[in-house]
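Engineer: Before I ask anything, here is the structure I am working with.
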Amino acid sequence: MADCLFCKIIARQIPASIVYEDDRLLAFNDINPQGPTHVLIVPKRHIASLNDVAAGDDHIVGEMVRRAAAIAKERGISASGFRVVFNTNRDGGQTVFHIHLHLIGGRSLSWPPG
Ligand code: AMP
Ligand code: ZN
2 MADCLFCKII ARQIPASIVY EDDRLLAFND INPQGPTHVL IVPKRHIASL
52 NDVAAGDDHI VGEMVRRAAA IAKERGISAS GFRVVFNTNR DGGQTVFHIH
102 LHLIGGRSLS WPPG
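Residue numbers for the sequence shown follow the working numbering, so the first one is 2 and each next one is one higher.
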């Protein structure tokens, strides 16, 4: 999508610190990290939000979640723990409308979130 920040990162029009890539996914470090690990996992195909995920997208969502766990394992935080989050729309705090899974870890995270 022409005016989408994450589509531009996927197209290499905007630089990012990329940590994983395959045919369907890209993962890169968040520019404003909320912990020692803060990685965004995004599908290469533009999907605006979790509200726009269709039944046919189950596979890509599953890959995103499994990739988050794999990156957590690489970072050595699987056992200590981590959080994955899909912020959705205004009350969820979504600011970029290309679906992304936050992987945050490397410190103790409080609950409930603000
Ligand atoms: P959300 O608020 O859930 O939509 O998350 C958007 C995330 O994208 C925020 O955590 C931002 O820090 C992050 N972000 C914004 N611009 C960039 C960028 N150019 N590169 C990497 N992360 C970004
Ligand atoms: Zn996009």
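We treat Cβ as the ideally placed atom computed from N, Cα and C, and that holds for glycine.
Could you name the residues that DSSP lists as bridge partners for proline 44?
Structural biologist: Residue mapping note: residue 44 aligns to position 43 of the sequence shown, counting from 1. DSSP, once it has assigned bridges, lists Leu26 as partnering proline 44.
Engineer: So who's on the other strand from valine 1, going by DSSP bridges?
Structural biologist: No statement about residue 1 is possible, as the shown extent of the chain runs from 2 to 115 and does not include it.
Engineer: In the DSSP assignment, what residue or residues form a beta bridge with isoleucine 19?
Structural biologist: Position 18 of the sequence shown holds residue 19. Phe29.
Engineer: Could you give the distance in angstroms between the alpha-carbon of proline 16 and the alpha-carbon of phenylalanine 29?
Structural biologist: Taking the sequence shown and counting its residues from 1, one reaches residue 16 at position 15. Taking the sequence shown and counting its residues from 1, one reaches residue 29 at position 28. About 10 Å.
Engineer: Whole angstroms is fine: what's the gap from threonine 38's alpha carbon to glycine 107's?
Structural biologist: If you number the sequence shown from 1, residue 38 lands on position 37. If you number the sequence shown from 1, residue 107 lands on position 106. The straight-line gap from Cα to Cα measures roughly 6 Å.
Engineer: Does the ligand ZN have a heavy atom nearer than 6 Å to the CB of histidine 103?
Structural biologist: The sequence position of residue 103 within the sequence shown is 102, counting from 1. No, Cβ of histidine 103 sits at least 6 Å from all heavy atoms of the ligand ZN.
Engineer: Collect the residues with a C-beta less than 7 Å away from any heavy atom of the ligand ZN and give them in sequence order along the chain.
Structural biologist: Met2, Cys5, Phe7, Cys8, His47 and His99
Engineer: Pop quiz: histidine 103 and leucine 41 are said to be a contact at Cβ under 8 Å. What is the actual Cβ separation, rounded to whole angstroms?
Structural biologist: Position 102 of the sequence shown, counted from the start, is the residue given in the question as residue 103. Position 40 of the sequence shown, counted from the start, is the residue given in the question as residue 41. Their Cβ separation, rounded to whole angstroms, is 6 Å, which keeps histidine 103 and leucine 41 in contact under 8 Å.
Engineer: Buried or exposed for histidine 99, please, with buried defined as at least 16 other CB atoms from any protein chain shown within 10 angstroms of its CB.
Structural biologist: For the purposes of this step, residue 99 is identified with residue 98 of the sequence shown, where counting begins at 1. Buried, since its Cβ has 16 or more Cβ neighbours within 10 Å.
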